[in-house]
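Asker: Before I ask anything, here is the structure I am working with.
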Amino acid sequence: MQNLFRLIALLEGVSYILLLGIAVPIKYLLEDPQYVKLLGMPHGLLFILYIVLAIWLKPDYGWNKNQFIWVIIASIIPFGTLYIDRRYLKTS
Numbered sequence: 417m418q419n420l421f422r423l424i425a426l427l428e429g430v431s432y433i434l435l436l437g438i439a440v441p442i443k444y445l446l447e448d449p450q451y452v453k454l455l456g457m458p459h460g461l462l463f464i465l466y467i468v469l470a471i472w473l474k475p476d477y478g479w480n481k482n483q484f485i486w487v488i489i490a491s492i493i494p495f496g497t498l499y500i501d502r503r504y505l506k507t508s
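As numbered in this note's numbering, residues 417 to 508 make up the sequence shown, in order.
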């Protein structure tokens with residue numbers, strides 16, 4: 417389950433970066449919303465999965481309150497979940 421969480425964290429982080437870095441600028445600069453529609457739904461699902469898995473796996477990782485808050489906050493900061501993977505999830 418922890419490997420699944422790491423994968424979801426990676427995919428959520430990448431989808432967020434693509435959404436903010438590519439799709440949103442294209443939407444507003446080129447007036448083409450198709451990329452936001454294309455990336456928005458998968459990112460939303462990955463975001464929800466990330467939050468649910470973080471809550472579910474909190475006891476397994478032994479996060480204290482502050483660590484858990486940072487894990488959750490990271491989901492709304494670009495590159496945040498990639499930092500969390502390196503800081504809290506990477507086992508080796």
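Quick reminder that beta carbons are idealized off the backbone N, C-alpha and C, glycines included.
1) How should valine 487 be labelled, buried or exposed, when 16 other C-beta atoms within 10 angstroms of its C-beta is the threshold for buried?
2) My output table needs one value for leucine 446: the three-state DSSP class, helix, strand or coil.
3) For serine 491, which three-state DSSP category applies?
4) Should the stretch 453 to 469 be called in touch with the stretch 430 to 438, which here means at least 3 C-beta pairs below 8 Å?
5) How is tryptophan 486 classed by DSSP in three states: helix, strand or coil?
6) Our contact map puts glycine 456 next to leucine 435 with C-beta atoms below 8 Å; I'd like the distance itself, whole angstroms only.
7) Considering only residues of the same chain and omitting the five flanking positions on each side of serine 508, which have a CB-CB separation below 7 Å?
8) Threshold first: 4 residues or longer. Then list the alpha helix (DSSP H) segments lying entirely within the stretch 425 to 481, N to C.
9) Say whether the stretch 469 to 488 touches the stretch 419 to 428, bearing in mind that this needs 3 or more beta-carbon pairs closer than 8 Å, one atom from each stretch.
Answerer: Well, looking at it:
1) buried
2) coil
3) helix
4) yes
5) helix
6) 7 Å
7) Caution applies to serine 508, whose pLDDT of 46 falls short of 50 and renders its modelled position unreliable; the value that the coordinates give is listed next. Closer than 7 Å at the Cβ level, and outside the excluded window around serine 508, lies no residue.
8) 440 to 445 and 450 to 477
9) yes
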